[in-house]
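In my numbering, the protein residues as written are 1 to 173.
Here it is, written out as structure tokens:
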């Protein structure tokens with residue numbers, strides 16, 4: 001089963017060349033603020049690895065000027081379900097802007113995340129892979145319905161087909 005998951009992720013990473021290119025990140029990121037602490041996954045494109053995954057989070061911890069420890073987590077099927085985590089080592093690819101992060105989760109899985117937009121107060125961000133096949137919306141706290149509508153509008157303005165997004169149950173705060 002685990003080999004099947006790893007193979008599916010590797011193929012998904014390699015197959016991205018058939019998709020459009022993501023826009024360049026628009027805002028610089030202060031890595032001392034952004035790559036620190038917990039982010040809540042609010043929206044994402046469905047993929048095999050996230051089936052049944054709710055209450056998603058990403059925790060960042062800076063480990064050097066250009067390196068970040070990444071822990072992605074969720075719960076299976078309900079916010080109180082079995083916890084699942086995946087740890088990786090991130091490298092900032094664009095020093096100065098700090099909006100492109102490559103995360104190596106293991107020898108077979110490496111993923112590039114581009115922060116395409118973010119709040120000035122670092123309360124939310126929208127990221128995608130460079131091909132725009134996958135997109136994620138993260139916040140520091142669960143958004144109101146109005147805030148979520150605004151974030152979806154921002155993702156759409158970036159050129160993403162927001163009809164492809166799913167919105168898993170957020171973690172209990």
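We put the beta carbon where it would ideally sit given N, CA and C, even for glycine.
Remember, it's a predicted structure, so these values are computed and weren't measured experimentally.
Assigned with DSSP and collapsed to three states, residue 45 falls in coil, not helix or strand.
As computed with DSSP, residue 29 is found in no beta bridge at all. For residue 159, no alpha helix (DSSP H) encloses it, and the DSSP letter there is neither H nor E. In the structure shown, residue 117 adopts extended strand secondary structure according to DSSP, grouped into three states. Of the candidates 102, 138, 104 and 110, 138 places its Cα closest to the Cα of residue 37.
Three or more beta-carbon pairs separated by less than 8 Å link the region 123 to 132 to the region 101 to 114, which places the two stretches in contact.
Here the region 44 to 52 makes contact with the region 157 to 168; the two share three or more CB pairs at distances below 8 Å.
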